[in-house]
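S.K.:
2 protein chains.
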Amino acid sequence: MAPKYVLHYFNFTSLGEPIRFLLAYGKADWEDIRYERWGDDWQKAKSKTPCGTMPILIVDGKQYAQSAAIARYLAKQYGLAGKDDMESLQIDIVVDVCADLFSKIGAWHYDPLPDSKASKEAPLLKEQVPFCLAKLEEIVKANGGYLVNGKLTLADIFFAAPLNWYIAVTKTNLLQAYPTLQALVKKVESQPEIASYIASRPTNPENK
Amino acid sequence: MAPKYVLHYFNFTSLGEPIRFLLAYGKADWEDIRYERWGDDWQKAKSKTPCGTMPILIVDGKQYAQSAAIARYLAKQYGLAGKDDMESLQIDIVVDVCADLFSKIGAWHYDPLPDSKASKEAPLLKEQVPFCLAKLEEIVKANGGYLVNGKLTLADIFFAAPLNWYIAVTKTNLLQAYPTLQALVKKVESQPEIASYIASRPTNPENK
């Protein structure tokens, strides 16, 4: 029998959203527990998590941490993780490239020192982000409209799901120069189960 | 026939070392190409890499990026990646926890702004690093001396291999308070093929 999943994450997309997309795609029996980023509930829950971080997925009563690890596990259950070791390697590379990119944006967004934050902005938004997105655009062009081997995989979901959060915090239409990546995001979001989840997901004041 | 592997990375341990340990452990036919961190060779090679980063593993003439993705692929070839999806999830969680920890130390070490670097030091070395290492120490105690299920896996190698770099850059004996983690590192380093690689690996001026 398929397990019941319970996801704990903040009330926005970011690192939790690939997991939500996968659970929706896989028609899982799942519960979507959401915390306010600066709220008391998360401060109370934090020390009970395995690493002081979310997302946390609860499976059969046990807690599992780490966004990419959880997403890879679910992708295996739903046929999106690679047909062999080499295809899985290609998928994992894209996942880690995206994770690195998103982590840099997060480090800039949450930098508490104004001078440090300001000094990161131009290298990030004018160099690192466009360099990486241009590479991903090339990859999708060379792979029949998907990130790996011309078919929907974990890589596409891991890239597309959290994007609106990064667009919101950078206040930048990150994909403006990348029509193939825009089309990829639309393909992911128009998977019927994912479209249906998106139509019903909660919004937050920052719409992200 | 097993492929010939060529690894491109800097002349120190850090993100490249789990891959080197795995190639040694698997008795692979491999070449260890090393670059100086601030040297011309890397500056010339950088734009030809898939993401502007190393390590890069070359397999059958194709370039593959991303330390954890490459390490996971090799671990599958050598029976160190998990016997089923759930064990692989547990291994992947530890790998990502270590990657997050190492990434925080790297972000501090390479921070170009002195005020920003100074402000990160105490939270990193007095809070984040000990919090994470204490969790890992508990995990190893609860799992028969290894990070996952009482046997050597990718998780142990990913944790142990790069540690001397992080010890060198923090100038801190990071494992001093964690005897179980110290013993784990010794177990990894005393695998015969890994011990033999360590005995013959190049050193660099900072001994890391």
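Those protein sequences? They're chains P and S, same order as listed. All residue numbers for the first sequence refer to UniProt numbering, where the first residue is 1 and numbers rise by one. All residue numbers for the second sequence refer to UniProt numbering, where the first residue is 1 and numbers rise by one. All C-beta atoms in this analysis are idealised placements derived from N, C-alpha and C, irrespective of residue type, glycine included. What you are looking at is a predicted structure, and each value in this text was computed from that prediction instead of being measured.
Report yes if the C-beta distance between S:I93 and P:A24 is below 8 Å; otherwise report no.
M.R.: As a position in the second sequence, residue 93 of chain S is number 93, starting the count at 1. As a position in the first sequence, residue 24 of chain P is number 24, starting the count at 1. Not a contact, by the Cβ cut-off of 8 Å.
S.K.: Tell me which residues share the same chain as S:W165 and place their Cβ nearer than 6 Å to its Cβ, disregarding the 5 neighbours each side in the sequence.
M.R.: In the second sequence, the residue the question calls residue 165 of chain S occupies position 165. Closer than 6 Å at the Cβ level, and outside the excluded window around S:W165, lie F12, T13, S14 and K208.
S.K.: Can you grab the Cα-Cα spacing for the pair S:E138 / S:Y146, in whole Å?
M.R.: On the second sequence, residue 138 of chain S is found 138 positions in, with the first residue counted as 1. On the second sequence, residue 146 of chain S is found 146 positions in, with the first residue counted as 1. Cα-Cα distance, rounded: 10 Å.
S.K.: Within the 8 Å Cβ cut-off, does P:S116 reach chain S?
M.R.: Reading the first sequence from its first residue, position 116 is the one you call residue 116 of chain P. Yes, contact with chain S.
S.K.: Would you be able to state if there are at least three C-beta pairs under 8 Å between the region 114-133 of chain S and the region 157-175 of chain S?
M.R.: A contact exists between the region 157-175 of chain S and the region 114-133 of chain S.
S.K.: When Cβ atoms are compared, which residues of the region 170-194 of chain S fall closer than 7 Å to chain P?
M.R.: Within the region 170-194 of chain S, no residue qualifies.
S.K.: What would DSSP say about S:D85, mapped onto helix, strand or coil?
M.R.: One-based indexing of the second sequence puts residue 85 of chain S at position 85. Here S:D85 sits in helix by DSSP.
S.K.: Taking 8 Å as the CB-CB cut-off, is S:G106 touching chain P?
M.R.: As a first step, residue 106 of chain S is located in the second sequence; it is residue number 106 there, counting from the start. Cβ-Cβ to chain P under 8 Å: no for S:G106.
S.K.: State whether the region 64-78 of chain S contacts the region 95-113 of chain P, with contact taken as three or more CB pairs (one from each stretch) at a distance under 8 Å.
M.R.: Output reads yes: the region 95-113 of chain P touches the region 64-78 of chain S.
S.K.: So is S:G52 in contact with chain P if we call contact Cβ pairs under 8 Å?
M.R.: What you label residue 52 of chain S is simply residue 52 of the second sequence in a count that begins at 1. Chain P contact via Cβ: present.
S.K.: With respect to the alpha helix (DSSP H) encompassing S:K186, which residues constitute its N-terminal and C-terminal limits?
M.R.: Numbered from 1 along the second sequence, position 186 holds the residue referred to as residue 186 of chain S. S:K186 -> alpha helix (DSSP H) spans P179 to E189.
S.K.: With distances taken Cα to Cα, identify the nearest neighbour of S:E87 among S:N149, S:V59 and S:Y78.
M.R.: By one-based count along the second sequence, residue 87 of chain S stands at place 87. S:E87 has its Cα closest to that of S:N149, out of S:N149, S:V59 and S:Y78.
S.K.: Can you name the residues that DSSP bridges to P:L57?
M.R.: For this step, residue 57 of chain P is matched to residue 57 along the first sequence. Paired residue(s): P:L7 and P:Y64.
S.K.: The beta strand (DSSP E) that contains S:R34, what's its start and end?
M.R.: Working through the second sequence from its first residue, we reach residue 34 of chain S at position 34. Residues D29 to Y35.
S.K.: Which word fits S:S196, buried or exposed, when buried means at least 16 other C-beta atoms lie within 10 angstroms of its C-beta?
M.R.: One-based indexing of the second sequence puts residue 196 of chain S at position 196. Exposed.
S.K.: I need the straight-line Cα distance from S:S200 to S:D32, nearest angstrom please.
M.R.: Within the second sequence, the letter at position 200 stands for residue 200 of chain S. Within the second sequence, the letter at position 32 stands for residue 32 of chain S. About 12 Å.
S.K.: S:V188: which of S:R37, S:F158 and S:L175 sits nearest, CA to CA?
M.R.: Numbered from 1 along the second sequence, position 188 holds the residue referred to as residue 188 of chain S. Looking at the Cα atoms, S:F158 is the closest of the given residues.
S.K.: Quick check on S:A122: does DSSP put it in helix, strand or coil?
M.R.: The residue labelled residue 122 of chain S in the question sits at position 122 within the second sequence. Note: S:A122 maps to helix in three-state DSSP.
S.K.: Quick check on S:M1: buried or exposed, where buried means 16 or more other Cβ atoms within 10 Å of its Cβ?
M.R.: Counting from 1 along the second sequence, the entry for residue 1 of chain S is found at position 1. Exposed, because fewer than 16 other Cβ atoms sit within 10 Å of the Cβ of S:M1.
S.K.: Taking the alpha carbon of P:I58 as the reference point, which residue from S:A118, S:G82 and S:Q90 has its own alpha carbon closest?
M.R.: On the first sequence, position 58 is the one that residue 58 of chain P refers to. Cα-wise, what sits closest to P:I58 is S:Q90.
S.K.: Would you please state the rounded distance, in angstroms, between the beta carbons of P:L101 and P:V129? I believe it to be under 8 Å.
M.R.: Residue mapping note: residue 101 of chain P aligns to position 101 of the first sequence, counting from 1. Residue mapping note: residue 129 of chain P aligns to position 129 of the first sequence, counting from 1. The pair is a contact, with the Cβ atoms about 7 Å apart (cut-off 8 Å).
S.K.: With 8 Å as the threshold, decide whether the Cβ of S:S14 is near any Cβ in chain P.
M.R.: Counting from one through the second sequence, the residue named residue 14 of chain S turns up at place 14. No, no contact with chain P.
S.K.: Drop a sphere of 10 angstroms on the beta-carbon of P:K120, count the other beta-carbons inside from all chains shown, and report buried for 16 or more, exposed for fewer.
M.R.: For the purposes of this step, residue 120 of chain P is identified with residue 120 of the first sequence, where counting begins at 1. Buried, since its Cβ has 16 or more Cβ neighbours within 10 Å.
S.K.: What residue range does the alpha helix (DSSP H) around P:R20 cover?
M.R.: Counting from one through the first sequence, the residue named residue 20 of chain P turns up at place 20. Where P:R20 is concerned, the enclosing alpha helix (DSSP H) stretches over E17 to Y25.
S.K.: Return the CA-CA distance between P:I56 and S:L154, expressed in angstroms with no decimal places.
M.R.: Working through the first sequence from its first residue, we reach residue 56 of chain P at position 56. Working through the second sequence from its first residue, we reach residue 154 of chain S at position 154. Cα to Cα, the separation comes out at about 22 Å.
S.K.: Looking at S:I105 and S:A71, is the spacing between their C-beta atoms short of 8 Å?
M.R.: Locating residue 71 of chain S in the second sequence gives position 71, where the first residue counts as 1. Locating residue 105 of chain S in the second sequence gives position 105, where the first residue counts as 1. Cβ distance not < 8 Å, so S:A71 and S:I105 don't count as in contact.
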